[in-house]
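Below is one structure, written out as structure tokens, with a few remarks after it.
Numbering (UniProt numbering), first residue to last: 1 to 430.
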């Protein structure tokens, strides 16, 4: 099958025009290498079994030899020889050109393994599994960029092509490019399960050379999966991990495993947005538990589309994970990011999407139409609190939200009279 265009394609080309090298980071199997190969003119794969020993020996003695070749030169899984980072930085300084190298890696490298940050020479960009738009399942009739840029952008009456059953299936399957060439719908579901299996059985120990217990790794992922999109504390997660009596886990061990999962880009928790609109003691500031792709939660729990159709409350949390993945994919700027707002009065915004220029959207993720009103009311109340705060004397005013959005699993997009936009996830694109 032909290459499916990714949002990252444009980002990579822009970075290559501006910097000597670009590092593409992200989880295994998200398509980093394939995307890089679309523009690379020479390739070296550090994990090539026929050449791996020779490459590592060369990297240890004279790493600059591995950089010879037509540019842009792709160095895949560069982290197997961390010395290549400084070799690339040195070569970029020497040649004073843009677009020389593309580095790809599926796990982060400890800072003490490299001598220079690469600042100004190597640009970092993150890549995710495919969004619904990239997998050609969102119809892309509503542009997130246009929503921010054009106040007159009309979304009323635009409809999604996906039913709830379709959304459940694609969440279970995940955004893994490897599923594209698989014909059987049932077989596609095996990719995410195999991903979780490989991460727990092999990658959790390979990421930094520390031997870890496969069973404990699975238990931690399962505990995370049971609590995704929540603010559960580490103590509760640890209690969940050890409740069966099969494994033991101390706080330092738990943190070690979670850190390893973060280095593998499996876990990507969401931080709190804490504006001063209420007392700091009222605003929750814990981490919201999150995976890089909703299918990791599904696979960790051993769920199937058939089971989730009868457990829509559980799927609501998984649906939020899919919203997070897609929103991140559609806003790949340097400093764009996602947070959440929640206080002890049960006022919340599931997600706060921050653009690099300071604009932001308050977002609620609601699977069904019955929840839309409640979600919209939450967003309007937060906006009201910001307005009230700004009226107070001697206060530095807060920027008001640029958009209030309820993302749904429903069929139709529309703008409510109060300005809140109701948008099916399967209508969005970048």
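Yeah, the Cβ is synthetic: ideal placement off N, Cα and C, and Gly gets one too.
Close-in-space but distant-in-sequence residues of the same chain around residue i (CB under 8 Å, 5 per side omitted)
| i | result |
| --- | --- |
| residue 331 | 144, 353, 355, 430 |
| residue 95 | 20 |
| residue 157 | 412, 413, 414 |
| residue 383 | 362, 400, 401, 404 |
| residue 148 | 355, 359, 361, 402, 403 |
C-beta atoms of residue i and residue j nearer than 9 Å
| i | j | result |
| --- | --- | --- |
| residue 191 | residue 178 | yes |
| residue 88 | residue 74 | no |
| residue 128 | residue 294 | no |
| residue 329 | residue 42 | no |
| residue 447 | residue 240 | Because the chain is modelled from 1 through 430, residue 447 falls outside the range shown and cannot be assessed. |
| residue 25 | residue 173 | no |
| residue 407 | residue 420 | no |
| residue 221 | residue 300 | yes |
| residue 12 | residue 122 | no |
| residue 154 | residue 212 | no |
| residue 104 | residue 76 | yes |
| residue 98 | residue 17 | yes |
| residue 305 | residue 425 | no |
| residue 476 | residue 29 | Outside the displayed range of the chain (1 to 430) lies residue 476, so it cannot be described from this structure. |
| residue 23 | residue 78 | yes |
| residue 397 | residue 389 | yes |
| residue 428 | residue 85 | no |
| residue 226 | residue 200 | no |
| residue 381 | residue 351 | no |
| residue 375 | residue 409 | no |
| residue 272 | residue 286 | yes |
| residue 31 | residue 8 | yes |
| residue 365 | residue 334 | no |
| residue 91 | residue 67 | yes |
| residue 422 | residue 416 | yes |
Reduced DSSP secondary structure (H/G/I, E/B, other) of residue i
| i | result |
| --- | --- |
| residue 158 | coil |
| residue 389 | helix |
| residue 73 | strand |
| residue 341 | strand |
| residue 405 | strand |
| residue 265 | coil |
| residue 192 | helix |
| residue 185 | helix |
| residue 277 | coil |
| residue 400 | coil |
| residue 304 | coil |
| residue 153 | coil |
| residue 8 | helix |
| residue 2 | coil |
| residue 290 | coil |
| residue 177 | helix |
| residue 297 | helix |
| residue 413 | coil |
| residue 271 | strand |
| residue 141 | coil |
| residue 394 | coil |
Same chain, Cβ closer than 7 Å to residue i, five either side skipped, listed in chain order
| i | result |
| --- | --- |
| residue 314 | 308 |
| residue 321 | 228, 229, 290, 291, 294, 297 |
| residue 72 | 16, 39, 40, 41, 99, 100, 101, 102 |
| residue 372 | 366, 406, 408, 422 |
| residue 233 | 286 |
| residue 349 | 340, 341, 362, 363, 364, 378, 379, 382 |
Residue i: CB within 8 Å of a non-hydrogen atom of the ligand SAH
| i | result |
| --- | --- |
| residue 82 | Judged by which ligands are present, the structure shown has none, so any question about the ligand SAH falls away. |
Chain-order list of residues whose beta-carbon lies under 6 Å from that of residue i (same chain, five-residue window excluded)
| i | result |
| --- | --- |
| residue 282 | 343, 344 |
| residue 237 | 223 |
| residue 461 | Here the chain comprises residues numbered 1 to 430, so residue 461 is not present and cannot be evaluated. |
| residue 146 | 153 |
| residue 6 | 35, 134 |
- [ ] Check whether the segment 157-173 touches the segment 127-140, counting contact only when three or more Cβ pairs, one atom from each stretch, lie closer than 8 Å.
- [x] yes
Open item on the list: Measuring CB atoms only, is the segment 289-297 touching the segment 260-271, in the sense that at least three cross pairs come out at less than 8 Å?
Closed with: yes
Task: alpha helix (DSSP H) runs wholly inside the UniProt domain "AAA" (21-134), at least 4 long, in chain order - done: Positions of the alpha helix (DSSP H) runs, each at least 4 residues long and wholly inside the UniProt domain "AAA" (21-134), are given as 32-37, 52-61, 83-95 in order along the chain.
Task: Validate contact between the segment 312-326 and the segment 48-57 using beta carbons, cut 8 Å, 3 pairs - done: no
Task: Inter-stretch contact at 8 Å, needing at least 3 Cβ pairs: the segment 195-207 / the segment 243-262 - done: A contact is defined here as three or more CB-CB pairs under 8 Å, and the segment 195-207 meets this definition with respect to the segment 243-262.
Open item on the list: Contact between the segment 232-251 and the segment 358-368 is defined here as three or more beta-carbon pairs at a separation below 8 Å; is this criterion met?
Closed with: Touching, no, given that fewer than three Cβ pairs across the two stretches are closer than 8 Å.
Task: Unbroken stretches of the alpha helix (DSSP H), 4 residues or longer, contained in the segment 194-251 - done: 214-226, 234-242
Task: Segments assigned beta strand (DSSP E), at least 3 residues, entirely inside the segment 318-389 - done: 337-342, 348-354, 360-366
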